[in-house]
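Enquirer:
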Amino acid sequence: MTNGGSTDPSSSSTATTTTTKTTTKPDNRPMPLLPLPPPLLSLTPGTWAHDTMSRRLNEEIFQRTYEENERTFKTGPFASALRGFDDLRGELSEASTSRLRHLRTVFDMGGIDGRAVPNANREMEEWRAILAPHVEAGDTWLSAPWLVAEFYAYRRLMEAIGYYDASNPDTYLWDPFAVAKRAGLMSSVDAAEMMLGRTMSLPRTAEGTAVAVAFALWGNRMDLSIWPADADGDNSRANAFAGVLRSSDDNLLHDDTDELANYCMGLKDRGNGTIDVIVDNAGLELVTDLALADHLVSSGVAKVVTFRLKGHPTFVSDALEKDLRETVEHYGSLSSEIYPHARAAGERWRRHLDDGSWACREDDFWAQPSPMWDMPEYLRSDMADRCDLAFVKGDANYRRLLGDRQWDYSAPFKDVVGCYFPCPVCALRTLKAEVGCGMAREQVERAKALDDEWMVNGRFGVVQFSRDQTF
Numbered sequence: 001m002t003n004g005g006s007t008d009p010s011s012s013s014t015a016t017t018t019t020t021k022t023t024t025k026p027d028n029r030p031m032p033l034l035p036l037p038p039p040l041l042s043l044t045p046g047t048w049a050h051d052t053m054s055r056r057l058n059e060e061i062f063q064r065t066y067e068e069n070e071r072t073f074k075t076g077p078f079a080s081a082l083r084g085f086d087d088l089r090g091e092l093s094e095a096s097t098s099r100l101r102h103l104r105t106v107f108d109m110g111g112i113d114g115r116a117v118p119n120a121n122r123e124m125e126e127w128r129a130i131l132a133p134h135v136e137a138g139d140t141w142l143s144a145p146w147l148v149a150e151f152y153a154y155r156r157l158m159e160a161i162g163y164y165d166a167s168n169p170d171t172y173l174w175d176p177f178a179v180a181k182r183a184g185l186m187s188s189v190d191a192a193e194m195m196l197g198r199t200m201s202l203p204r205t206a207e208g209t210a211v212a213v214a215f216a217l218w219g220n221r222m223d224l225s226i227w228p229a230d231a232d233g234d235n236s237r238a239n240a241f242a243g244v245l246r247s248s249d250d251n252l253l254h255d256d257t258d259e260l261a262n263y264c265m266g267l268k269d270r271g272n273g274t275i276d277v278i279v280d281n282a283g284l285e286l287v288t289d290l291a292l293a294d295h296l297v298s299s300g301v302a303k304v305v306t307f308r309l310k311g312h313p314t315f316v317s318d319a320l321e322k323d324l325r326e327t328v329e330h331y332g333s334l335s336s337e338i339y340p341h342a343r344a345a346g347e348r349w350r351r352h353l354d355d356g357s358w359a360c361r362e363d364d365f366w367a368q369p370s371p372m373w374d375m376p377e378y379l380r381s382d383m384a385d386r387c388d389l390a391f392v393k394g395d396a397n398y399r400r401l402l403g404d405r406q407w408d409y410s411a412p413f414k415d416v417v418g419c420y421f422p423c424p425v426c427a428l429r430t431l432k433a434e435v436g437c438g439m440a441r442e443q444v445e446r447a448k449a450l451d452d453e454w455m456v457n458g459r460f461g462v463v464q465f466s467r468d469q470t471f
């Protein structure tokens with residue numbers, strides 16, 4: 001796949017000089033320090049964006065969602081949900097000509113919105129503001145910015161199935177991706193058992209934090225064969241941990257792990273760090289997030305870790321609060337004979353939730369396509385006042401950090417993200433979309449030489465950290 005724009009940002013030093021430099025919005029909200037390049041669109045055949053919106057979303061992702069829920073869709077209470085789903089898929093089958101429209105309220109569709117009125121009104125107003133320029137321009141699913149169209153498709157699915165309609169208790173808050181997420185949870189345990197056995201023994205040092213971060217990025221792709229034995233001396237164990245980290249370095253295109261780990265040690269010395277994790281996927285990836293949060297609390301880096309979760313089902317595997325709590329309960333109920341490490345981890349996680357060391361906060365903002373520099377003031381103020389560090393997990397969240405725009409791949413992360421984010425921020429991302437920044441040109445060229453699909457297949461990753469807020 002090629003980049004979603006007409007040029008490759010890594011090969012042009014002028015890719016980010018097409019607009020006037022802007023550092024704040026009219027309301028004085030911080031912005032990237034560099035001029036904003038064009039957004040990724042889905043118009044160019046051969047790009048991952050085009051394939052996603054013209055084919056993959058409808059023919060693969062939504063088709064699988066239908067197959068996983070076919071028996072449910074064919075029951076009486078879900079008849080209207082199936083009709084709405086079919087109508088949405090009909091639009092997507094003609095993505096090049098079907099135009100975006102505004103969302104319909106639950107009331108307009110003859111239902112009763114089960115949300116508190118202020119929350120429902122705010123979410124609808126936010127979406128109206130997001131969609132207004134594209135509806136007015138007559139944009140199609142392909143001519144609208146990719147990020148907008150993709151998030152919009154999942155929000156339209158919620159509209160179609162009556163997710164917020166409390167007049168139908170069967171479809172109200174029904175998660176069409178629950179089957180897929182449950183399968184991911186069940187299949188995560190075997191891979192997680194060995195990993196969790198390792199993370200429980202991590203030293204409460206910068207090296208231990210670095211390894212926990214690597215696990216959160218790579219999961220079971222980490223090389224556990226060189227893990228130090230419990231009986232090894234301190235020097236041997238330190239060398240072995242260094243070897244574990246080196247084993248994950250080959251596919252890192254940028255690595256701020258050392259700076260991040262040292263910053264975390266400063267939080268530990270202070271003794272009352274507060275850390276947010278902006279969560280991406282359920283399943284094994286969520287387990288690695290929980291393992292990282294467990295280490296941060298247990299090692300004294302964080303007094304409280306808050307998980308930021310989606311406000312409604314989206315992107316199939318993205319985690320809601322119920323998915324996190326189900327994961328904790330499942331792991332805490334495993335057989336201690338078959339899965340001793342996973343069971344022990346689950347019990348610890350449960351204690352963290354019970355004693356307030358961990359907190360969960362859902363918000364609709366995390367399920368919207370707005371760039372993160374457009375974060376609502378209530379979220380921005382909360383994170384700025386309370387949060388010492390935010391981990392931003394996954395590819396979709398990373399795309400929002402960058403506004404899903406065609407940045408030069410070498411544009412500094414601190415000038416694109418760190419300058420506007422409300423607190424120190426660390427992005428942990430394996431590359432699954434044709435957008436990026438903060439990667440040295442030689443690293444980009446190396447990745448290109450190794451893999452034609454280096455931007456989209458998750459083989460390569462970044463650990464990018466900035467504490468360079470300029471506001």
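With the UniProt record's numbering applied, the sequence shown closes on residue 471, and no number is skipped along the way.
All C-beta atoms, glycine included, are put in the ideal place defined by N, C-alpha and C.
Here the structure is a predicted model, which is why all the values come from computation and not from measurement.
Once DSSP output is grouped into helix, strand and coil, what is the label at residue 443?
Expert: If you number the sequence shown from 1, residue 443 lands on position 443. Three-state result, residue 443: helix.
Enquirer: Within this structure, are the beta carbons of residue 418 and residue 468 separated by less than 9 Å?
Expert: Residue mapping note: residue 418 aligns to position 418 of the sequence shown, counting from 1. Residue mapping note: residue 468 aligns to position 468 of the sequence shown, counting from 1. Contact: yes.
Enquirer: According to DSSP, residue 429 sits in a beta bridge with which residue or residues?
Expert: Here the question's residue 429 lines up with position 429 in the sequence shown. According to DSSP, residue 429 bridges with 462.
Enquirer: Ordered along the chain, which non-local residues of its own chain (more than five positions away) have a Cβ less than 8 Å from that of residue 482?
Expert: Nothing in the structure corresponds to residue 482, since the chain is present only between 1 and 471.
Enquirer: Return helix, strand or coil for residue 126, following the three-state DSSP convention.
Expert: Locating residue 126 in the sequence shown gives position 126, where the first residue counts as 1. Looking at residue 126 - three-state DSSP - the assignment turns out to be helix.
Enquirer: Enumerate in chain order the residues of its own chain whose CB-to-CB distance from residue 459 is below 7 Å, with the five nearest sequence positions on each side excluded.
Expert: Along the sequence shown, one-based indexing puts residue 459 at 459. Taken in chain order, the residues that qualify are 251 and 451.
Enquirer: Relative to the C-alpha of residue 288, which candidate in 354, 78, 442 and 197 has its C-alpha closest?
Expert: As a working mapping, residue 288 is identified with position 288 in the sequence shown. Of the candidates 354, 78, 442 and 197, the one whose C-alpha sits nearest the C-alpha of residue 288 is 197.
Enquirer: Tell me, to the nearest whole angstrom, how far the beta carbon of residue 44 is from that of residue 98; I am working on the premise that it is less than 8 Å.
Expert: The residue labelled residue 44 in the question sits at position 44 within the sequence shown. The residue labelled residue 98 in the question sits at position 98 within the sequence shown. No, residue 44 and residue 98 are not in contact; Cβ-Cβ is about 18 Å, not under 8 Å.
Enquirer: Could you spell out the range, first to last residue, of the beta strand (DSSP E) harbouring residue 391?
Expert: Reading the sequence shown from its first residue, position 391 is the one you call residue 391. It spans 389-393 - the beta strand (DSSP E) in which residue 391 sits, taken as one unbroken run.
Enquirer: How would you call residue 161, buried or exposed, if buried means at least 16 neighbouring beta carbons within 10 angstroms?
Expert: Taking the first residue of the sequence shown as 1, we reach residue 161 at position 161. Its Cβ being crowded by 16 or more others within 10 Å, residue 161 is buried.
Enquirer: Measuring CA to CA, which of 204, 281, 27 and 40 is closest to residue 408?
Expert: Your numbering for residue 408 matches position 408 in the sequence shown. Among 204, 281, 27 and 40, the Cα nearest to that of residue 408 belongs to 40.
Enquirer: Can you give me the start and stop residues for the alpha helix (DSSP H) that residue 87 sits inside?
Expert: As a working mapping, residue 87 is identified with position 87 in the sequence shown. Residue 87 -> alpha helix (DSSP H) spans 79-93.
Enquirer: Out of 429, 345, 464 and 400, which one is the CA nearest neighbour of residue 195?
Expert: By 1-based counting over the sequence shown, the position of residue 195 is 195. The residue with the shortest Cα to Cα distance from residue 195 is 345.
Enquirer: Please determine, among 74, 107, 117 and 50, the residue with the shortest C-alpha to C-alpha distance to residue 95.
Expert: Locating residue 95 in the sequence shown gives position 95, counting from the first residue. Per the Cα distances, 50.
Enquirer: Determine contact between the stretch 51-70 and the stretch 175-186, defined as no fewer than three beta-carbon pairs at a distance below 8 Å.
Expert: The answer is yes - the stretch 175-186 touches the stretch 51-70, with three or more Cβ pairs under 8 Å.
Enquirer: According to DSSP, is residue 44 part of a helix, a strand, or is it coil?
Expert: The residue labelled residue 44 in the question sits at position 44 within the sequence shown. Of the three classes helix, strand and coil, the one that applies to residue 44 here is coil, per DSSP.
Enquirer: Throw me the rounded Cβ distance for the residue 342 and residue 306 pair, which I believe falls under 8 Å.
Expert: Here residue 342 corresponds to residue number 342 of the sequence shown, with the count starting at 1. Here residue 306 corresponds to residue number 306 of the sequence shown, with the count starting at 1. At roughly 24 Å, the Cβ-Cβ gap does not stay under 8 Å, so residue 342 and residue 306 are not in contact.
Enquirer: Residue 179 by DSSP, collapsed to three states: which one?
Expert: Looking up residue 179 in the sequence shown gives position 179. Three-state result, residue 179: helix.
Enquirer: Quick one: is residue 277 buried, meaning 16 or more other Cβ sit within 10 Å of its Cβ, or exposed?
Expert: Numbered from 1 along the sequence shown, position 277 holds the residue referred to as residue 277. The residue is buried, with at least 16 neighbouring Cβ atoms inside 10 Å.
Enquirer: Taking DSSP as the reference, what is the three-state secondary structure of residue 225?
Expert: Locating residue 225 in the sequence shown gives position 225, counting from the first residue. At residue 225 the pLDDT is 48, less than 50, meaning the model places this residue with poor confidence; the figure from the coordinates comes in the next sentence. Residue state, collapsed to three classes: helix.
Enquirer: Taking buried to mean at least 16 other C-beta atoms within 10 Å of its own C-beta, is residue 357 buried or exposed?
Expert: As a position in the sequence shown, residue 357 is number 357, starting the count at 1. Buried is the call here.
Enquirer: For residue 447, which residues in the same chain have their Cβ closer than 7 Å to its Cβ, ignoring the five residues on either side in sequence?
Expert: The residue labelled residue 447 in the question sits at position 447 within the sequence shown. The answer, listed in chain order, is 253, 454 and 460.
Enquirer: Output the boundary residues of the alpha helix (DSSP H) element that contains residue 343.
Expert: Here residue 343 refers to the residue found at position 343 when the sequence shown is read from its first residue. Note, residue 343: alpha helix (DSSP H), 340-355.
Enquirer: The alpha helix (DSSP H) that contains residue 252, what's its start and end?
Expert: Here the question's residue 252 lines up with position 252 in the sequence shown. It is not in any alpha helix (DSSP H) - residue 252 instead sits in the beta strand (DSSP E) that spans 252-255.
Enquirer: Hey, residue 146 and residue 456: beta-carbon distance below 9 Å or not?
Expert: Looking up residue 146 in the sequence shown gives position 146. Looking up residue 456 in the sequence shown gives position 456. No, these two residues do not count as a Cβ contact at 9 Å.
Enquirer: Is it true that the stretch 257-277 meets the stretch 330-337, where meeting means three or more beta-carbon pairs spaced less than 8 Å apart?
Expert: Result no; under three Cβ-Cβ pairs closer than 8 Å.
Enquirer: Looking at C-beta atoms only, is the number of pairs between the stretch 204-222 and the stretch 256-265 that lie closer than 8 Å three or more?
Expert: Because the criterion of three Cβ pairs below 8 Å is met, the stretch 204-222 and the stretch 256-265 touch.
Enquirer: Which full runs of the alpha helix (DSSP H) of 4+ residues lie inside the stretch 370-418, going along the chain?
Expert: Counting whole runs of 4 or more residues, the stretch 370-418 contains the alpha helix (DSSP H) stretches 377-386 and 395-401.
Enquirer: Pull up the DSSP beta-bridge partners for residue 310, would you.
Expert: Locating residue 310 in the sequence shown gives position 310, where the first residue counts as 1. Per DSSP, 363.
Enquirer: Thinking C-alpha only, which one of 54, 391, 159 and 365 is nearest residue 126?
Expert: Position 126 of the sequence shown holds residue 126. Considering only alpha carbons, the answer is 365.
Enquirer: Might you give, ordered along the chain, the residues of its own chain that have their beta carbon closer than 8 Å to the beta carbon of residue 367, omitting 5 neighbours on each side?
Expert: One-based indexing of the sequence shown puts residue 367 at position 367. Hits under 8 Å: 151, 154, 155, 310, 311, 312, 314 and 318.
Enquirer: Comparing C-alpha positions only, which one of 369, 424, 398 and 101 sits nearest to residue 383?
Expert: Position 383 of the sequence shown holds residue 383. Of 369, 424, 398 and 101, the residue nearest in Cα terms is 424.
Enquirer: Quick one: what does DSSP say residue 117 is sitting in, helix, strand or coil?
Expert: Within the sequence shown, the letter at position 117 stands for residue 117. In this structure, residue 117 counts as helix in the three-state DSSP scheme.
Enquirer: In the DSSP assignment, the beta strand (DSSP E) including residue 275 goes from what residue to what residue?
Expert: Residue 275 sits at position 275 when you count from the first residue of the sequence shown. Counting along the chain, the beta strand (DSSP E) containing residue 275 begins and ends at 274-278.
Enquirer: Looking at the secondary structure, which residues open and close the alpha helix (DSSP H) in which residue 150 lies?
Expert: Walking along the sequence shown from the start, residue 150 turns up at place 150. From DSSP, the alpha helix (DSSP H) with residue 150 extends over 146-161.
Enquirer: In the DSSP output, what is residue 99 paired with across the bridge?
Expert: For the purposes of this step, residue 99 is taken as the residue at position 99 of the sequence shown. According to DSSP, which records beta bridges pairwise, residue 99 is partnered with 140.
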